[in-house]
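What follows is a single structure, written as structure tokens, with notes after it.
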Amino acid sequence: GSNEQPSVVIRPNASHQSTKEKTVVVPPEVSRAWKAVKIAVIDKSRATENIYTVPIGGSSRITSSNLTISIEAFLPSFVMEGSIMTSSSNELKNPGVKVRISDNGSLIYMGWLFSNFPNTHAFMHPKFGFTLVEAVPVTK
56 GSNEQPSVVI RPNASHQSTK EKTVVVPPEV SRAWKAVKIA VIDKSRATEN IYTVPIGGSS
116 RITSSNLTIS IEAFLPSFVM EGSIMTSSSN ELKNPGVKVR ISDNGSLIYM GWLFSNFPNT
176 HAFMHPKFGF TLVEAVPVTK
């Protein structure tokens, strides 16, 4: 039909990753149940660890750095179905959080942190480490 939406063209030079952008689907019951996540930020040079509670959809500045971490989505039971990432339930079976980390306003990392697999897709930064600690439920 002529009323189909044009497919999104991925510019080859836009990113060094050739993977197509995956779609994140947050089920409504999931988005209603969780309000924030706790991210542990390890400062490797000082050997300190600070826990930041960052609202889902919000961001937090990392103390004594130019880094800002933004939380794009939280999936308590992360599953991948084709190119769609979603949550199979509201139970914390495989918690994953989609984050953006920027340094002085420029994006240095966009990806997932998993609490069960802290080193899977882990973002390697020379000074800082990031781990998903837990999710904060909406208090009824």
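Each residue of the sequence shown is one higher than the one before, counting from 56 in the numbering used here. A virtual CB, placed ideally from N, CA and C, is assigned to each residue, including glycine.
Would you identify the three-state DSSP class for residue i, choosing helix, strand or coil?
{"i": "VAL80", "result": "coil"}
{"i": "ARG87", "result": "helix"}
{"i": "THR108", "result": "strand"}
{"i": "LEU147", "result": "coil"}
{"i": "VAL193", "result": "coil"}
{"i": "SER119", "result": "coil"}
{"i": "MET179", "result": "coil"}
{"i": "GLY113", "result": "coil"}
{"i": "PHE50", "result": "Outside the shown range of the chain, which is 56 to 195, sits residue 50, and nothing can be said about it."}
{"i": "SER125", "result": "strand"}
{"i": "ALA102", "result": "coil"}
Spatial neighbours of residue i within its chain, please: CB distance less than 8 Å, with the 5 preceding and 5 following residues excluded, ordered by chain position.
{"i": "PHE183", "result": "VAL96, ILE97, ASP98, LYS99, ILE117, SER120 and LEU122"}
{"i": "TRP89", "result": "ILE111, PHE129, PRO131, ALA190, VAL191, PRO192 and VAL193"}
Where residue i and residue j are concerned, what is the direct C-alpha to C-alpha distance, given to the nearest angstrom?
{"i": "PRO82", "j": "SER142", "result": "7 Å"}
{"i": "GLY160", "j": "VAL191", "result": "27 Å"}
{"i": "LEU187", "j": "PHE133", "result": "13 Å"}
{"i": "GLU104", "j": "PRO181", "result": "15 Å"}
{"i": "TYR107", "j": "GLU76", "result": "28 Å"}
{"i": "ARG101", "j": "SER115", "result": "20 Å"}
{"i": "ASN68", "j": "GLU136", "result": "Residue confidence is low: ASN68 scores 46 on pLDDT, short of 50, so the model does not pin down where it sits. Its coordinate-derived value is still stated next. Cα to Cα, the separation comes out at about 27 Å."}
{"i": "PHE172", "j": "LEU147", "result": "13 Å"}
{"i": "ARG87", "j": "LYS195", "result": "10 Å"}
Compute the beta-carbon to beta-carbon distance between residue i and residue j, rounded to the nearest angstrom, for a pair I have assumed lies under 8 Å.
{"i": "SER157", "j": "ILE163", "result": "6 Å"}
{"i": "ILE139", "j": "VAL92", "result": "In fact, because the Cβ distance is near 21 Å, the residues do not count as touching under 8 Å."}
{"i": "GLY113", "j": "ILE126", "result": "6 Å"}
{"i": "VAL85", "j": "ASN145", "result": "6 Å"}
Provide the residue span of the beta strand (DSSP E) that contains residue i, from first to last.
{"i": "PHE133", "result": "133-136"}
{"i": "GLY160", "result": "Counting along the chain, GLY160 falls outside any beta strand (DSSP E), and DSSP gives it neither H nor E."}
Skipping 5 residues on each side, what residues in its chain have a beta carbon closer than 7 Å to that of residue i?
{"i": "PHE178", "result": "ILE156, TYR164, GLY166 and PHE185"}
{"i": "VAL109", "result": "ALA91, VAL92, ILE94, SER115, ILE124 and ILE126"}
Between residue i and the ligand MN, is the CB less than 8 Å from at least one heavy atom?
{"i": "ILE106", "result": "Inclusion of the ligand MN in the displayed structure is not the case, the ligand content being empty and no account of it being possible."}
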